[in-house]
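Residue numbers (the numbering used here): 3 to 480.
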Ligand code: ADP
């Protein structure tokens, strides 16, 4: 397979990186180089922000229905190329091919959903009495910055860029250095479809070299970041310098609470999906299962049996689970396995590199049993296919353990007791709560964190708040 080279996409043109360097992107299944992208720096960022700024007035002033049409066209065009996009997403990230297809189609769905909202996000009239007319305008922010992680490379661009463009903003995207390719394919497509130059720009590069100057640029108007807590903290500090609003979607250590009254086979299947989807590299992974003590043995036995059946393989072979994205992630998982063993957790399934692979960042789907709440493997985000199983005796204890971490992204509840489900849904500190189906929801449902999982909501109409600001106009009738 030939290696593809991509320059930055700035002002509708392919632009050589100012510093001249390129970054290799590798297939985590084989460790082969599959593409090279520009190694961006502050000069490239400056050019991209300048282009986005210049494009903003015309894009803002376009009729919303016309912006919507272009975004609908983009959704259809992504769907038409799903095979090509999915192939590259898999090569770049290691995801099983069917999963990449799903994520590409979901990207199309984001553009469709927000295209539909472009001409329907109204302001309000506010009653001030007979002598006034008062109304609000929802205006775009301007130039929006999007710092994208490697776990859902294309999908996350859709998630934040679609609402930004729909509301009349322009965008500068900095993809993750590990998984830059689909951003470039999207840029190609937007160029073909005739998006005005400068509306969508992509600068690749490392976080410190390209991401940092983007977040520090005085001429951006807001920042959307998805990634680690550490980087989120840096970005928030940088944003403070120019008083820029940020949306931060950070980590999680989400609880999946399983009560004895639930169908155990369902709970096993959902717990497995919750942790092993995308090789556990999901902010909202159900990485802690809290299981009621009296069904613990039966649950762990069934879950271990299911886990041992999961086929791990190269993304292009459509296995159930692919490799981790990078050597760095692989080493992180290895380190946490050591920590878990030292803390006294029992390995009920997996726990090692699968022996059949000489190359690639593969790890067995792993269950750590007899984990207790204070252990690091119960508190810290591993971001790999490693599940911590904890037990509880009653609902109050389940709630305490569930809320007893610094994160609060999502939570799952499996029970047939509607009142218990409602009580927990009320009391769990999490931005999304799933009852009887893990990851329930979609592009339509607001997503974001409590506590150190971040703030601001993406997805759904809720996300439009991030990309608009409200102006109130008060008119005195004389
Ligand atoms: P991870 O450590 O798992 O790679 P990060 O949170 O560091 O996750 O990365 C998420 C995104 O943030 C990537 O696009 C990365 O390049 C970018 N990034 C990393 N450091 C910075 C920084 N200091 N400023 C801006 N962006 C950054």
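The beta-carbon is built from N, C-alpha and C at its ideal position, and this holds for glycine as well. None of these values were measured; they are calculated from a predicted model.
Outcome for residue 383 when other beta-carbon atoms lying within 10 angstroms are tallied against a minimum of 16: buried
Residue 208 beta carbon near the ligand ADP (any heavy atom closer than 7 Å): yes
For residue 365, the first and last residue of its enclosing alpha helix (DSSP H): That residue, residue 365, is in no alpha helix (DSSP H); it is neither H nor E in DSSP.
Minimum C-alpha distance to residue 60 - residue among 263, 472, 145, 133: 145
C-beta atoms of residue 291 and residue 266 nearer than 8 Å: no
Distance cut-off 7 Å: residue 91 Cβ against heavy atoms of the ligand ADP: no
CA nearest to the CA of residue 287, picked from 252, 295, 268, 300: 252
Contact test: residue 309 Cβ vs the ligand ADP heavy atom, cutoff 7 Å: no
Terminal residues of the beta strand (DSSP E) in which residue 257 lies: 257 to 260
Residue 222 beta carbon less than 8 Å from that of residue 300: no
8 Å Cβ cutoff met for residue 279 and residue 308: no
Beta strand (DSSP E) segments (min. 3 residues) lying fully within the region 176 to 235: 202 to 204, 224 to 228
Beta-carbon separation (whole angstroms), residue 341 vs residue 379, contact threshold 8 Å: 6 Å
Other residues of its chain near residue 424: CB distance less than 8 Å, five sequence neighbours each side excluded: none
Three-state class that DSSP yields for residue 135 in the structure shown: strand
Where residue 32 sits in the DSSP three-state scheme: coil
Meets three-Cβ-pair contact criterion under 8 Å: the region 237 to 256 and the region 407 to 422: yes
Simplified DSSP assignment, three categories, for residue 290: strand
Segment contact flag, the region 113 to 128 with the region 344 to 352, C-beta cutoff 8 Å, min 3 pairs: no
Cutoff 7 Å; reference residue 106; Cβ partners in own chain excluding five residues on either side: 80, 84, 87, 88, 91, 156
Residues that residue 453 bridges to, as DSSP identifies them: 409
Identity of the residues DSSP links to residue 149 by a beta bridge: 176, 227
Beta bridge counterpart(s) of residue 17 as assigned by DSSP: 10
C-alpha gap between residue 152 and residue 177, whole angstroms: 8 Å
Start-to-end residues for the alpha helix (DSSP H) that takes in residue 436: Segment 434 to 437 is the beta strand (DSSP E) holding residue 436; no alpha helix (DSSP H) there.
Three-state secondary structure assigned by DSSP to residue 122: coil
Host alpha helix (DSSP H) of residue 278 (start-end): 266 to 278
Beta-carbon contacts of residue 55 that lie in its chain and below 6 Å, excluding the five residues immediately before and after: 145, 221
Beta-carbon proximity list for residue 474, same chain, < 6 Å, skipping 5 on both sides: 138
Selection from 21, 442, 18, 97 that minimises the alpha carbon distance to residue 282: 97
Contact test: residue 380 Cβ vs the ligand ADP heavy atom, cutoff 7 Å: no
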